[in-house]
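J.: Sharing a structure here in structure tokens format.
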Amino acid sequence: MIAELNKKDILNYCEKYSADDSSLQKELIDYTFKHDPAPQMISGLQVGNILQSLIMISNSKNILEVGMFTGYSALKMAEILPEDGIIHTCEIADNHINTARKFFKKSGLQNKIKIHAGPALDTINNFKTNSFDFCFIDADKNNYTNYYMKCIKLLKPKGIMIIDNMLWGGKVLKPTDKETKIIANTAKIINDDINIYNTMLSIRDGLMLCIKK
Numbered sequence: 036m037i038a039e040l041n042k043k044d045i046l047n048y049c050e051k052y053s054a055d056d057s058s059l060q061k062e063l064i065d066y067t068f069k070h071d072p073a074p075q076m077i078s079g080l081q082v083g084n085i086l087q088s089l090i091m092i093s094n095s096k097n098i099l100e101v102g103m104f105t106g107y108s109a110l111k112m113a114e115i116l117p118e119d120g121i122i123h124t125c126e127i128a129d130n131h132i133n134t135a136r137k138f139f140k141k142s143g144l145q146n147k148i149k150i151h152a153g154p155a156l157d158t159i160n161n162f163k164t165n166s167f168d169f170c171f172i173d174a175d176k177n178n179y180t181n182y183y184m185k186c187i188k189l190l191k192p193k194g195i196m197i198i199d200n201m202l203w204g205g206k207v208l209k210p211t212d213k214e215t216k217i218i219a220n221t222a223k224i225i226n227d228d229i230n231i232y233n234t235m236l237s238i239r240d241g242l243m244l245c246i247k248k
């Protein structure tokens, strides 16, 4: 029966019975769809709510985001952080940084979000081992394995990592192109890592949930 249903209809139903975005988050989504050539890169309500839920139940305060885009996921996470919480978010594109800064300022949450401009791998190398409670990776797929290998070291024990786009439109079932092969290989590396507990979730384009032992 589920196979006969339209995926968009299922998504709409799930979002109908999920906590809604704030008016500013909706405004950011609208702005991105009007002004960015690849608006589908926004993580979306389901992923945003999963991030919020995991941060709340884990009482995470120090968060690393690899791939900010226009700032939607950072806003979602900052919204539920305690006063002493901080998000370090990495972004290489100036236009995305400018958009995010504008909306962060409008939200009043800019003091909880520190933007690191430039290649994420360079930024990550400046952080200390075991310094983050939570990590969200949603950046260039060619570096997914590198991001995982470096970021897992930055997580504290019992820290949580979420990696987006791990199903890559279903192409991981029969990977042929370079990006898809890297994503599939990253999934294998994660699954073979004895130092984490992992679960692949079929939410939107696939989320890999990792908990560091």
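Residues 36 to 248 (my numbering) make up the sequence shown, in order.
For glycine and all other residues, C-beta sits at the position ideal for the given N, C-alpha and C.
Owing to the predicted nature of the structure, the values given are computational and were not obtained by experimental measurement.
Output the boundary residues of the alpha helix (DSSP H) element that contains LYS137.
T.: Its alpha helix (DSSP H) spans residues 129 to 142.
J.: Count the other CB atoms, across all protein chains shown, that sit within 10 Å of the CB of ALA249; report buried if there are 16 or more and exposed otherwise.
T.: Nothing about residue 249 can be reported from this structure: the residues present for the chain run from 36 to 248 only.
J.: With 16 as the cutoff for other CB atoms within 10 Å, does LYS51 come out buried or exposed?
T.: By the 10 Å Cβ count, LYS51 comes out exposed.
J.: Where do the N-terminal and C-terminal ends of the beta strand (DSSP E) with ASN97 fall, by residue?
T.: Residues 97 to 101.
J.: Give the single residue among SER78, LYS61, SER58 and THR105 whose Cα lies nearest to the Cα of ASP71.
T.: Closest by alpha carbon: THR105.
J.: Under 8 Å: do the stretch 51 to 68 and the stretch 150 to 168 share three or more Cβ pairs, one atom per stretch?
T.: Not touching, per the Cβ criterion.
J.: State the start and end residues of the unbroken alpha helix (DSSP H) segment that holds LYS213.
T.: Taken as a continuous stretch (DSSP letters only), the alpha helix (DSSP H) holding LYS213 covers 213 to 227.
J.: Are the Cβ atoms of LEU144 and PHE162 separated by less than 7 Å?
T.: Taking 7 Å as the Cβ cut-off, LEU144 and PHE162 do not qualify as a contacting pair.
J.: Closer than 7 Å by C-beta to ASN230: which residues in its own chain qualify, once you throw out the five before and the five after it? Chain order, please.
T.: Within the same chain, ASN230 has close Cβ partners LYS247 and LYS248.
J.: Could you check the C-alpha separation between SER58 and ILE64 for me, to the nearest Å?
T.: In a straight line, the C-alpha of SER58 is about 10 Å away from that of ILE64.
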